[in-house]
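One structure is given here, and the rest of the page talks about it.
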Amino acid sequence: MQERTLRLTDRVAHYLDQLAADDDTTPSEIANYLISRAMQQSSWQPAIVRDRGQRAGAQNDPRLDWWRAAKFGLFIHWGLYAIPAGEWEGRRIPG
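Residues in the sequence shown are numbered consecutively from 27, following this note's numbering.
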């Protein structure tokens, strides 16, 4: 395997030196670890996770047929306009 050299800014090199001193290891080992972790995170996980937040079989659950047939949807009645709740034209509204 060919040896490759990576030039780091002084700030990054200083940070790696500090991490290495804290862990009683070398800056090269710390950099190697960080790069390998970054590669694991980026190459093994998909960018978009399918069916995230749903239990297995939720798409085929017969209890939701009425929801789909009635054309119900989800409307979230909250947004940036809801942040100043209780104020109208700069005056406080009780309630």
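Every residue gets a Cβ at the ideal spot worked out from N, C-alpha and C, and that includes glycine.
Given the structure is predicted, the values throughout are model-derived calculations rather than measurements.
**Q.** Buried/exposed call for Ile61, threshold 16 Cβ in 10 Å
**A.** Position 35 of the sequence shown, counting from 1, holds the residue named residue 61. In this structure Ile61 is exposed. Its beta-carbon is surrounded by fewer than 16 other beta-carbon atoms within 10 angstroms.
(Q) Suppose you measure from the CA of Arg118 to the CA of Gln80; what does that come to, to the nearest Å? (A) Indexing the sequence shown from 1 puts residue 118 at position 92. Indexing the sequence shown from 1 puts residue 80 at position 54. C-alpha separation (whole angstroms): 41 Å.
**Q.** Whether Ala46 touches Pro53 by CB criterion (7 Å)
**A.** Translated into positions along the sequence shown, residue 46 becomes position 20. Translated into positions along the sequence shown, residue 53 becomes position 27. Yes.
Q. Taking Val38 as the reference, which of Asp50, Ala57, Asp49 has the closest Cα?
A. Indexing the sequence shown from 1 puts residue 38 at position 12. Minimum Cα distance to Val38 is reached at Ala57.
Q) From the DSSP output, which residues share a beta bridge with Glu113? A) Here residue 113 refers to the residue found at position 87 of the sequence shown. Paired residue(s): Arg118.
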